[in-house]
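For reference, the structure discussed in these notes is given below.
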Amino acid sequence: MSDELFRLTIHEAAALLRQREISSVELTQAVLERIVAVDNAVKAYLSLMPEAALESAAEADRRLAAADDPASLPPLLGIPLAIKDVIQVAGAPTTCGSKMLEDFVAPYEATVIGKLRRAGAVLLGKTNTDEFAMGSSTENSAFVTTRNPWDLSRVPGGSSGGSAAAVAADECLAALGSDTGGSVRQPASLCGVVGIKPTYGRVSRYGLTAFASSLDQIGCLAKDVTDAAILLQAIAGHDPLDSTSMDAAVPDYVAALGLARSETGQSGGVELHGLRVGVPREYFIDGMQPAVQQAVTAAIDTLAALGAQVQEISLPHTQYALPVYYLIAPAEASANLARYDGVRYGLRHPDAQTMWEGFKLTRGAGFGPEVKRRIMLGAYALSAGYYDAYYLKAQQVRTLLKRDFDLAFQQVDVIACPVSPTTAFQVGEKADDPMSMYLADVFTLSLNLAGNCGLSVPCGFDPQGLPIGLQLIGPAFGESTILRAAYAYEQATDWRARRPVIGEQ
Ligand code: GLN
């Protein structure tokens with residue numbers, strides 16, 4: 000047994016725990032030591048809860064020891080996980096990467112966290128994020144910029160960059176993130192891990208700090224597709240506390256992976272015979288990094304070799320996704336962030352003499368420049384006289400984007416395309432240019448606007464050795480299909496064999 004327990008996946012660790020080869024306390028300790036060893040360089044975590052983690056681990060070990068049939072225990076029992084710092088864990092800080100909430104301790108718990116606790120997961124700490132999840136690099140965090148474990152001079156992507164980097168650097172076995180316009184898939188792609196954004200309504204948003212409520216969804220970052228399926232299984236499902244969550248049974252996502260297995264299939268027994276894969280011509284654009292285009296094209300060839308029927312499709316309104324998103328998301332953000340007024344939560348500026356002065360000073364000091372930019376853009380788009388021209392128009396075009404997907408999914412089962420037009424960029428490279436930062440999400444925004452699901456699975460490296468992700472998009476509630484396709488692809492390739500080396504760069 001290797002002493003590098005922190006390198007295990009969830010399913011590997013779960014098997015060893017059940018065989019009593021390792022204990023959850025040993026595993027948790029190994030991951031906490033890994034964090035001490037590398038997080039000064041990676042800076043994935045904003046806060047840690049080692050005592051509580053070791054207590055949960057000891058409790059998991061007791062449950063494992065007492066079980067007559069360990070195989071019947073939940074797969075996350077005793078597994079150390081990280082949580083993006085926009086999700087409320089009762090009694091732990093939830094800063095949202097903002098000075099506004101620097102000293103805020105969550106008085107209640109997100110539904111997903113309750114589910115993880117009941118499954119016996121071990122919560123290690125809260126991971127860095129762009130302020131209120133607005134950004135694509137974690138550079139908008141008020142506290143620290145997380146570094147990409149593959150090259151510490153580069154960003155990990157964002158806004159769930161802390162979670163993606165923590166998974167890539169083996170500082171947790173898997174992590175939760177949130178995805179409003181790409182914030183799970185883009186950092187997963189840039190860090191070489193698997194990231195899934197579920198369908199809007201698949202996972203409860205109760206206890207997720209609201210950024211843009213019609214787009215936000217909690218997602219999973221994991222070392223491989225099986226782990227992503229296990230984690231999604233644990234957090235999915237209807238919640239009466241989130242009226243937008245879907246009251247529908249959750250399929251067995253792990254069992255769905257098995258459908259990709261075939262005794263006669265190629266490439267180690269996995270195949271995708273009969274799966275119809277669409278490649279949208281609008282997702283291969285000028286200015287894309289050639290290595291990304293090559294890796295994604297090669298990955299699509301692999302899907303075809305596994306038996307998928309690949310065809311070109313069109314999502315004709317794709318070019319409008321970026322302007323539509325940057326009207327709707329800031330409009331919703333401007334309303335959601337109105338609650339941070341120095342009265343109810345978080346920062347309260349000490350110098351205020353009057354109520355209005357209190358609002359102005361608190362919001363002026365508490366929010367960073369990107370959040371202020373979004374609030375101004377959103378308030379403008381919603382204001383009388385501009386509402387019809389901007390917000391209403393954007394909602395109409397949003398319907399057209401959704402229709403693009405609806406039509407495409409009449410012809411195909413899965414859409415395959417890039418996640419990000421480039422691999423990880425240098426820290427500072429786009430920090431002063433919001434437009435070029437927004438362009439990092441050009442391939443991920445559409446499906447948040449349409450509400451369907453998508454994932455990123457590693458599909459190669461650029462000449463600098465930086466990871467590239469393949470995006471697989473499914474229809475609403477099509478998670479089983481995209482996970483199955485990603486699993487077959489993963490089994491046919493061995494990108495995970497290459498790991499980042501931290502501290503020797
Ligand atoms: N990068 C996008 C933005 O800045 C998406 C963020 C997200 O998905 N939370 O809004």
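Numbering of the sequence shown is given in numbering that gives the first Met the number 0, commencing with residue 0 and proceeding in unit increments.
We put the beta carbon where it would ideally sit given N, CA and C, even for glycine.
These numbers were taken from a predicted model, which means no experiment stands behind them.
Notebook entry, point to check: For the segment 399-413 against the segment 129-144, are there 3 or more C-beta pairs whose distance is under 8 angstroms?
Noted result: no
Check: With a CB to CB cut of under 7 angstroms and the five nearest residues on each side skipped, what residues in its chain are close to Ser152?
Finding: Gln425, Val426
Next item on the list: Name the residue from Pro74, Gly365, Thr243, Gly459 whose alpha carbon lies nearest to the alpha carbon of His10.
Entry: Pro74
Next item on the list: For the segment 393-441, list the alpha helix (DSSP H) runs that are entirely contained and at least 4 residues long, ordered along the chain.
Entry: 433-438
Note to self: With distance defined between alpha-carbon atoms, name the residue in Glu3, Arg338, Glu311, Ile217 nearest to Ser177.
What the structure shows: Ile217
Note to self: Which same chain residues end up closer than 7 angstroms to His348 when comparing Cβ atoms and leaving out the 5 residues on each side of it in sequence?
What the structure shows: Gly341, Gly357, Leu360, Thr361, Ala364
Notebook entry, point to check: Quick one: what's Asp150 bridged to in DSSP?
Noted result: Asn147
Margin query: Tell me the residue span of the beta strand (DSSP E) that contains Ala173.
Written below: 173-177
Notebook entry, point to check: Going by alpha carbons, who is nearest to Pro155 out of Thr422, Leu471, Glu32?
Noted result: Thr422
Margin query: Tell me which residues share the same chain as Thr263 and place their Cβ nearer than 6 angstroms to its Cβ, disregarding the 5 neighbours each side in the sequence.
Written below: Caution applies to Thr263, whose pLDDT of 47 falls short of 50 and renders its modelled position unreliable; the model cannot decide the point.
Next item on the list: Mark Gln265 as exposed unless 16 or more other C-beta atoms lie within 10 angstroms of its C-beta, in which case mark it buried.
Entry: Unreliable placement is indicated for Gln265, whose pLDDT of 45 sits below 50; the coordinate value is still reported in the next sentence. When all chains shown are included, Gln265 counts as exposed.
Note to self: Given this structure, state the Cα-to-Cα distance separating Val370 from Ala303, to the nearest angstrom.
What the structure shows: 43 angstroms
Next item on the list: Reducing DSSP to helix, strand and coil, say where Val500 ends up.
Entry: coil
Checklist line | For Gly264, the three-state DSSP class (helix, strand or coil) | finding: Residue placement at Gly264 is poorly supported in this model, since its pLDDT is 45, which falls under 50; the coordinates still yield a value, given next. DSSP places Gly264 in coil when its eight states are reduced to three.
Margin query: Can you check which of these residues, Pro417, Ile312, Asp215, Leu207, is closest to Gln292 by C-alpha distance?
Written below: Pro417
Check: Using 8 angstroms as the threshold, is the segment 87-97 in touch with the segment 243-258, meaning 3 or more CB pairs across them?
Finding: no
Note to self: Considering only their Cβ atoms, is the gap separating Ala81 from Ala165 smaller than 8 angstroms?
What the structure shows: yes
Notebook entry, point to check: Cβ-heavy atom distance between Thr301 and the ligand GLN below 7 angstroms?
Noted result: no
Check: Got a sec? Which residues, its chain only, sit under 7 angstroms from Ala40 by beta carbon, not counting five neighbours each side?
Finding: Arg146, Leu151, Ile501, Gly502
Notebook entry, point to check: If you drop the 5 nearest sequence neighbours on each side, which residues of the same chain put their C-beta closer than 8 angstroms to that of Ala12?
Noted result: Leu4, Ile21, Leu26, Gly77, Ile78, Leu172
Check: By DSSP, does Ser136 sit in helix, in strand, or in coil?
Finding: coil
Notebook entry, point to check: Quick one: does the C-beta of Met434 sit closer than 7 angstroms to a heavy atom of the ligand GLN?
Noted result: no
Notebook entry, point to check: Run through DSSP, which three-state label would Leu271 get?
Noted result: coil
Checklist line | Straight-line Cα distance separating Ala235 from Ser71 | finding: 19 angstroms
Next item on the list: With a threshold of 16 other CB atoms inside 10 Å of the CB of Trp149, please say whether the residue is buried or exposed.
Entry: buried
Next item on the list: Sort out for me which residues DSSP pairs Phe131 with in a bridge.
Entry: DSSP, once it has assigned bridges, lists no residue as partnering Phe131.
Next item on the list: Could you tell me which residues DSSP puts in a beta bridge with Val192?
Entry: Partner(s): none; Val192 has no beta bridge.
Check: Would you call Leu240 buried or exposed, if buried means 16 or more other Cβ atoms sit within 10 Å of its Cβ?
Finding: exposed
Notebook entry, point to check: Taking all protein chains shown into account, do 16 or more other C-beta atoms lie within 10 angstroms of the C-beta of Ser55, making it buried, or fewer, making it exposed?
Noted result: buried
Next item on the list: Please report the residue range of the alpha helix (DSSP H) in which Leu115 lies.
Entry: 110-117
Item checked: Distance CB(Leu220)-CB(Val253) smaller than 8 angstroms -> no
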